[in-house]
Amino acid sequence: MGNPFIIAIDQGTTGSRVFCFDDQGKVLSSAYREFTQHFPKPGWVEHDANEIWNGVRDLIGDALNKGGLNAKDAAGIGITNQRETSVIWDRATGEPIHNAIVWQCRRTASVCDQLKAAGNEDLIRRKTGLVIDAYFSGTKFAWILDQVSGARSRAEKGELAAGTIDSWLLYKLTGQHATDYTNASRTMLYNIETKEWDDELCKLLNVPKAILPEVKASRARYGVTRGGGALPEGVPVLAMIGDQQAALFGQLRVNPGQAKNTYGTGCFLLFNTGDQFLISKNGLLTTLACDAQGQVCYSLEGAVFIGGAVIQWLRDFMKFFGEAPESEQIIADIQDDQDEVVFVPAFAGLGAPYWDQQARGAIFGLTRDTDPARITRAALQSIALQSCDLVRAMEQDTGEKMDLLRVDGGASANNFLLQYQADILGTAVVRPGNVDTTALGSAYLAGMEAGIWPELSDLQELQSDRTRFEPKMDSGRRDHELKYWKKAVERVRGWVD
Ligand code: ADP
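Mapping the sequence shown onto this note's numbering, position 41 (from 1) lands on 1381, and the numbers just tick up by one.
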């Protein structure tokens, strides 16, 4: 017998990655593969659920091989996933009846408009913590049932199973049909107060309860593998959790008042509110997350639509640099830190706390000496300023000041961005050594359930190498920068008629 290790499956929107973590929470090996994005019509996005499953199964084999690991020593499996993406499959054959409908897909937008027009917004907000949007799984399930011939009657008879990608992978691995609280809370069908599938919402969205999975804590005994591929029979699946909540747990933000921000294409900020179910007055979502024991708790969630994507835009469309990390180098030579260039990257409108679909991007304060470096600096600052707006909105909703901000995601590699984030928040910002916190979160939960790290304190000991950014900006300067940011945001609002 070798040392026990955990297999973590991180099933994302464009690719899947499988990690093996040792009992110190260190990566032993990993394997990654992209999969096909299907765009059948403008605004529609699908994935082939079988391609995802086959990829994950192969990647488990690849990761085990690379690490020279024996699958028999695997203490358990943790799954974290792209949230909201929806699959319906035949319980008997295990075959999907349609491609998975991806969270980004807008095909059910008109159904959502009808739900809003019929005055259901308050009801859905009160029960699910969500706003009515095509993003969430409920209307996607209904769409598949309506479009695939015979599906509705088969669903009523209990012949079909529905789920998000965590459920789908669990079914293929173990034959069980279950999901966790965090994924269930993104369906618009799950009552996050009573913690059950809600009859009224199932009726409203036209989704029969018979197709929905059992809901368990993110850390739980979900079933054991059936064998096949590189995995023998009997390896337990011990954790399932949506990607953003996994990152929150991977950063050990398990107590009320603790938050994390993930700087990827967009930014996702989650703020733990413990056992308090708060409805935001600032357009944030309420969603389920994990507490210190891996049991269910509440959090507020806010998203910045264009985060690292603004750097991609400067790279690919403006050709300011060849690689995203160069954004930090080209601004290093700027002498003054007093210029007034402000960049509002509202390319896709503005999210919380503004919620303005008519807003569009703009750059303000240009002068003769404004060069790519200064525009790049303003772009990096815009990522931090938008995140700051979310933090302030959350503080207003909770009445609590955030203690410090833990950060992760691709763009968190940028030291200028994180220093500016600390400066503009007036709060320390902390980056872990391993920014793959999503996979880590699911591995931590599985390891807790396996008894490798029974207590939170065991996990805290694993987190050593962190970089801390302390606020250095004086408050006069901070107020000045925030004033100009607000002014710029006001000017882009309602731009498109
Ligand atoms: P996602 O998971 O959303 O695909 P990642 O976490 O991989 O995103 O982060 C990629 C994003 O971060 C890209 O938008 C890229 O422009 C940005 N990015 C990556 N490295 C840096 C960097 N050093 N500085 C600024 N932005 C960066």
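From the three backbone atoms N, C-alpha and C, an ideal C-beta is built for every residue, glycine too.
Inter-residue spacing [alpha-carbon to alpha-carbon] between residue i and residue j
i: residue 1723; j: residue 1487; result: 40 angstroms
i: residue 1700; j: residue 1361; result: 43 angstroms
i: residue 1644; j: residue 1689; result: 10 angstroms
i: residue 1467; j: residue 1532; result: 6 angstroms
i: residue 1470; j: residue 1374; result: 30 angstroms
i: residue 1634; j: residue 1380; result: 39 angstroms
i: residue 1423; j: residue 1514; result: 20 angstroms
i: residue 1476; j: residue 1384; result: 14 angstroms
i: residue 1526; j: residue 1619; result: 15 angstroms
i: residue 1711; j: residue 1719; result: 13 angstroms
i: residue 1494; j: residue 1685; result: 46 angstroms
i: residue 1402; j: residue 1347; result: 12 angstroms
i: residue 1658; j: residue 1682; result: 17 angstroms
i: residue 1417; j: residue 1631; result: 20 angstroms
i: residue 1446; j: residue 1481; result: 13 angstroms
i: residue 1692; j: residue 1639; result: 15 angstroms
i: residue 1440; j: residue 1431; result: 16 angstroms
i: residue 1370; j: residue 1805; result: 20 angstroms
i: residue 1386; j: residue 1392; result: 11 angstroms
i: residue 1821; j: residue 1501; result: 52 angstroms
i: residue 1705; j: residue 1648; result: 22 angstroms
i: residue 1836; j: residue 1450; result: 21 angstroms
i: residue 1830; j: residue 1687; result: 15 angstroms
i: residue 1518; j: residue 1561; result: 11 angstroms
i: residue 1589; j: residue 1503; result: 22 angstroms
Heavy atom of ligand 1 within 6 angstroms of residue i beta-carbon
i: residue 1662; result: no
i: residue 1651; result: yes
i: residue 1753; result: yes
i: residue 1667; result: yes
i: residue 1648; result: yes
i: residue 1605; result: yes
i: residue 1563; result: no
i: residue 1750; result: yes
As assigned by DSSP and simplified to three states, the class of residue i
i: residue 1445; result: coil
i: residue 1712; result: helix
i: residue 1675; result: coil
i: residue 1621; result: coil
i: residue 1489; result: coil
i: residue 1554; result: strand
i: residue 1564; result: strand
i: residue 1738; result: helix
i: residue 1608; result: strand
i: residue 1351; result: strand
i: residue 1475; result: coil
i: residue 1706; result: coil
i: residue 1603; result: strand
i: residue 1466; result: helix
i: residue 1723; result: helix
Which runs of the alpha helix (DSSP H), 4 residues or longer, sit entirely within the stretch 1370-1430? 1389-1407
Alpha helix (DSSP H) segments (min. 4 residues) lying fully within the stretch 1629-1692: 1649-1656, 1666-1670
Which full runs of the alpha helix (DSSP H) of 4+ residues lie inside the stretch 1781-1814, going along the chain? 1796-1802
Can you list, in chain order, the stretches of the alpha helix (DSSP H) that have 4 or more residues and sit fully within the stretch 1517-1552? Within the stretch 1517-1552, the complete alpha helix (DSSP H) runs of at least 4 residues are 1521-1524, 1539-1545.
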